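Enquirer: Under this note's numbering, the residue at position 187 of the sequence shown is numbered 203, and the numbers go up by one with no gaps. Beta carbons are placed, not taken as given, at the ideal position from N, Cα and C, and that holds for glycine. Just so we're clear, the structure is a prediction, and the values are computed from it rather than from any experiment.
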Amino acid sequence: WNERIRIVQKNRSQNGPANVQTTPGPVPFPDAISDANLELLFQDALAHLEAVTAEHGTPTEFETLTFMGLWHFARQNVDAAVIEVGLGGRWDATNVNHPIVSVVTHVALDHCDRLGNTLEAIARDKVEIARPGCILVSAETKPQILEIFREHCDRIGAKLWSFRAPAFQDRDAPTEFPSTDEDATDFQLLNLRTAQIAYEAFRQSIGEELRREAAPHGPVLSSPQFALEVPGRAEVLRHSPTLMIDGANNPDGAQRLAKVLREAKSAQPSPKLTLVVSFSSDKDYEAMLQIWAPLCERLIVTQNTSPRAVPLDELQQCASKYFEDVEAVPSVPDAVQHALTGAAPGDLVCVCGSFFTIAEVPRGE
Numbered sequence: 017w018n019e020r021i022r023i024v025q026k027n028r029s030q031n032g033p034a035n036v037q038t039t040p041g042p043v044p045f046p047d048a049i050s051d052a053n054l055e056l057l058f059q060d061a062l063a064h065l066e067a068v069t070a071e072h073g074t075p076t077e078f079e080t081l082t083f084m085g086l087w088h089f090a091r092q093n094v095d096a097a098v099i100e101v102g103l104g105g106r107w108d109a110t111n112v113n114h115p116i117v118s119v120v121t122h123v124a125l126d127h128c129d130r131l132g133n134t135l136e137a138i139a140r141d142k143v144e145i146a147r148p149g150c151i152l153v154s155a156e157t158k159p160q161i162l163e164i165f166r167e168h169c170d171r172i173g174a175k176l177w178s179f180r181a182p183a184f185q186d187r188d189a190p191t192e193f194p195s196t197d198e199d200a201t202d203f204q205l206l207n208l209r210t211a212q213i214a215y216e217a218f219r220q221s222i223g224e225e226l227r228r229e230a231a232p233h234g235p236v237l238s239s240p241q242f243a244l245e246v247p248g249r250a251e252v253l254r255h256s257p258t259l260m261i262d263g264a265n266n267p268d269g270a271q272r273l274a275k276v277l278r279e280a281k282s283a284q285p286s287p288k289l290t291l292v293v294s295f296s297s298d299k300d301y302e303a304m305l306q307i308w309a310p311l312c313e314r315l316i317v318t319q320n321t322s323p324r325a326v327p328l329d330e331l332q333q334c335a336s337k338y339f340e341d342v343e344a345v346p347s348v349p350d351a352v353q354h355a356l357t358g359a360a361p362g363d364l365v366c367v368c369g370s371f372f373t374i375a376e377v378p379r380g381e
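1. Beta strand (DSSP E) containing L364: first to last residue?
2. Going by C-alpha distance, which of I374, G362, L206, D202 is nearest H155?
3. Only counting the same chain, and skipping five residues up and downstream in sequence, which positions put a Cβ closer than 7 Å to that of K299?
4. Would a C-beta distance cut-off of 8 Å place V153 and S221 closer than the cut-off?
5. Smallest Cα separation from W107: which of T121, V143, R314?
6. Kindly indicate which three-state DSSP category L226 falls into: helix, strand or coil?
7. DSSP three-state call for R249: helix, strand or coil?
8. Output the distance between the C-alpha atoms of Y338 and P346, rounded to the nearest integer angstrom.
9. To test your reading of the DSSP string, which unbroken alpha helix (DSSP H) runs of 4 or more residues are found completely within the stretch 316-357?
10. Find the nearest neighbour of M304 within the set S322, A283, S282, L331, judged by alpha-carbon distance.
11. Taking 8 Å as the threshold (C-beta atoms), are H122 and L103 in contact?
12. P240 to Q204, Cα distance in whole Å?
13. Does the stretch 315-322 come close enough to the stretch 247-267 that 3 or more CB-CB pairs lie under 8 Å?
14. Check whether the stretch 343-359 and the stretch 367-381 are in contact - that is, three or more C-beta pairs closer than 8 Å.
15. N53 to G85, Cα distance in whole Å?
16. Output the distance between the C-alpha atoms of C368 and L273, rounded to the nearest integer angstrom.
17. When you compare each of L81, L65, P323, L328 to N18 by their alpha carbons, which one comes out closest?
18. Suppose only complete runs of 3+ residues qualify. What are the beta strand (DSSP E) ranges in the stretch 106-190, listed by chain order?
19. Just how far apart, CA to CA, sit L65 and W87?
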């Protein structure tokens, strides 16, 4: 829970983003709220949560966490806050904010039971995080989705900065954005480029000129020494055998992870890939299993502790359609240990399917 509420101190921000580094290796969670402060924050919030419950019903887990995070930021008098939407945009708990910059990276099929079963429907929900007179940044390239974004921005008086599609660009946006063809195939680079544009939009919104040296770009990103490590995104926890965790939890994320896994396998002589998976029941986990099946020599299904997790026997039955041999291990830590025990030093073990799942992977030897 702690890394979800973080305040980055000014002395660190002077050196650029805290989670961008030039040497490989796991990134910790700097500036995460402490256990003690998190407990105090919850106790202070409890009376308000009980009042809401009495009038409107019990708030969800995400609504509770959002309230605590925003209250913590307000009490600590932060200069600026970066808030991640939980689900969609129109009715998300984070939509109580009035952001000066909003970001929609791209649109893919996810949470279809809540947001709609077409890309267009999901786009119309997500774009609701844009605000009149403010900037909406997007790395989306699909013309029909960009048209929805532009129509909405025109209707409410927002500005659209679409650095991957100049034809949809707001006339007040910078004419040149750092972007390369490599971005289209490397989702981490694409996300970083998008963050850079959001950073420029933010500085313009508050009336300051962009200090380009504060955000790595150009030759820095293309150098062999550069490594972008984000916790839970193709994050390597150990080597020999390699243990990777990734939060991919929809078919779009599964495709991106599949590319990473293919590249990782090609870097080793005859490596075997073991997947350890557990999913939330509202996700299209069958589609994800189909995407990963051609890459995988061994599959271990497990069940994380979230009440939304797919039951173990149900997941094993589904996986058996696409994998010849499916092993079932009840808990995530035991499943990971079982996978590592059966792996050779040059093999790859990847735990994926849900952020709930990868949160239960032990960090350390």
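Expert: On the basis of the data shown:
1. By one-based count along the sequence shown, residue 364 stands at place 348. 364-368 is the span of the beta strand (DSSP E), which, as asked, contains L364.
2. Numbered from 1 along the sequence shown, position 139 holds the residue referred to as residue 155. The displayed chain sequence assigns Ala, not His, to residue 155. Among I374, G362, L206, D202, the Cα nearest to that of A155 is on L206.
3. Here residue 299 is taken as the residue at index 283 of the sequence shown, counted from 1. Same-chain partners within the cutoff: N265, N266.
4. As a working note, residue 153 is residue 137 in the sequence shown. As a working note, residue 221 is residue 205 in the sequence shown. No, these two residues do not count as a Cβ contact at 8 Å.
5. On the sequence shown, position 91 is the one that residue 107 refers to. Taking only the C-alpha atoms, the option nearest W107 is V143.
6. Looking up residue 226 in the sequence shown gives position 210. Per-residue confidence for L226 stands at a pLDDT of 47, beneath the threshold of 50, marking its modelled position as unreliable; the derived number appears in the next sentence. L226 falls in the coil class under three-state DSSP.
7. Numbered from 1 along the sequence shown, position 233 holds the residue referred to as residue 249. Strand at R249.
8. Translated into positions along the sequence shown, residue 338 becomes position 322. Translated into positions along the sequence shown, residue 346 becomes position 330. Between Y338 and P346, the C-alpha separation is close to 20 Å.
9. 328-335, 348-357
10. What you label residue 304 is simply residue 288 of the sequence shown in a count that begins at 1. With distances taken between Cα atoms, M304 lies closest to L331.
11. Locating residue 103 in the sequence shown gives position 87, counting from the first residue. Locating residue 122 in the sequence shown gives position 106, counting from the first residue. Not closer than 8 Å, so no.
12. Working through the sequence shown from its first residue, we reach residue 240 at position 224. Working through the sequence shown from its first residue, we reach residue 204 at position 188. For P240, the predicted model reports a pLDDT of 43, less than 50, meaning its position is unreliable; a value from the coordinates is still stated below. Whole-angstrom Cα-Cα distance: 15 Å.
13. no
14. yes
15. On the sequence shown, residue 53 is found 37 positions in, with the first residue counted as 1. On the sequence shown, residue 85 is found 69 positions in, with the first residue counted as 1. Straight-line Cα distance between these residues: approximately 12 Å.
16. Stepping through the sequence shown from its first residue, residue 368 is reached at position 352. Stepping through the sequence shown from its first residue, residue 273 is reached at position 257. Straight-line Cα distance between these residues: approximately 9 Å.
17. The residue given as residue 18 occupies position 2 in the sequence shown. If we check each option's Cα against that of N18, L81 comes out closest.
18. 117-120, 151-154, 175-178
19. Walking along the sequence shown from the start, residue 65 turns up at place 49. Walking along the sequence shown from the start, residue 87 turns up at place 71. In a straight line, the C-alpha of L65 is about 12 Å away from that of W87.
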